[in-house]
Amino acid sequence: MECELEACRDDDSVKELVKKCLSSSGGMENVERLWPNQLDEHSYSKLTSFFLEGCPKLLNVFPLSMLMRLQKLENLSIWNFESLEEIICESQSQEINVSAMQSLSPQLIQSNVITFEFPCLPSLTLIGLPNLKSICHKTQTISWHLLKKMEVYGCNKVEILFASQEISGSINEQPLFWVNKYMFPNLHQLTLGWNVGVKEIWRLVPSS
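Going by numbering that gives the first Met the number 0, the sequence shown opens with residue 0, and the numbers climb by one from there.
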C-alpha cells in the first residue's frame, strides 16, 4: 500500500492528506475516501505528482470538484485497485461552482458537457484496475493537451478505450475516455497490455 504526493512544502492541505493516509487503521487498506466534503478554495492547488497504490475499498479517486485544483499536476499514476470503477466521480456531496472553476483555468461548458483540463500533465499510468469502467461520467470530458505518454494495463472491464463525445447518447457502453478531436494533440506513446475486455480502441462519429 502506498501513497506518494509531491508539492510545495507550505501546502498544509497535502500534509493533512499524507497524515490521514499514514494514520489510517490498517494502512491504506481501510481508506474509503481521500478528500473532505468541503474543500478550501486553494486546497491541493500546488500538487504536482500523485501516485496511489493498493486501496481496495476506494471506488473512485477524485471528486469532480477536485479537478480545478489539479492544474499543476505533472504525473498521475494509479495502481492495483480491485474495486475502483471511476477515476473521477460526480458526488452529490461535492457542489461545483462553475464561475469559480472558470476563474481558475480555461474550462468550458457546452451542451451540458463540462470539459476540464490538465494543462501540465505529460504522463498518465493506470495499472491493475480490473473493475475500472471509465475516467469520468459522459457529461464530463478531460482535455489532455500536454499528455505525451499513456499506459493502461490490466483494466479488464474496459471495452472501448476512446469514444467520441458526439455519440455519447447513442451507445450503451462506457468508454475509458470520452473524447473530441482536440483531447490528445501531443500524445506520442500509448502502451496497452492485458486489458482482456477491450473490443475497440477508437469509436468515432460514423462518416456520413
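Even glycine gets a Cβ: it sits at the ideal position worked out from N, Cα and C. This structure is a prediction, so every number in the text was calculated from the model and none was measured.
Among the residues of its own chain, which have a CB less than 6 Å from the CB of residue i, if the five just before and after it don't count?
i	result
Ser122	Asn74, Lys148
Gln173	Lys132, Ser133
Lys137	Ser167, Trp177
Asn59	Glu85, Cys88
Phe61	Ile87
Arg202	Ile159, Ala162
Leu191	Val151
Comparing alpha-carbon positions, which option in the options lies nearest residue i?
i	options	result
Gln188	Glu150, Gln70, Leu58	Glu150
Ile211	Glu116, Thr190, Val204	With the chain covering only 0 through 207, there is no way to say anything about residue 211.
Hey, does residue i have any beta-carbon neighbour from chain C nearer than 7 Å?
i	result
Lys180	The question asks about chain C, but that chain is absent: this structure has only one protein chain.
Near residue i, which residues of its chain fall below 7 Å by C-beta distance, leaving aside the five closest residues on each side in sequence?
i	result
Leu145	Pro118, Cys119, Leu120, Pro121, Asn185
What does a CB cutoff of less than 8 Å around residue i pick up in its chain, not counting 5 residues either side in sequence?
i	result
Ser102	For Ser102, the predicted model reports a pLDDT of 43, less than 50, meaning its position is unreliable and no value from the coordinates is stated.
Lys198	Glu158, Ile159
Quick one: what does DSSP say residue i is sitting in, helix, strand or coil?
i	result
Asn36	coil
Gln173	coil
Gln188	strand
Ser64	helix
Asn29	helix
Gln70	coil
Glu84	coil
Glu165	helix
Ser48	strand
Phe115	strand
Residue i: buried (16+ other C-beta within 10 angstroms of its C-beta) or exposed?
i	result
Trp193	exposed
Gln164	buried
Val30	buried
Glu28	exposed
Glu116	buried
What are the residues that DSSP puts in a beta bridge with residue i?
i	result
Cys135	Its beta-bridge partners do not exist; DSSP assigns none.
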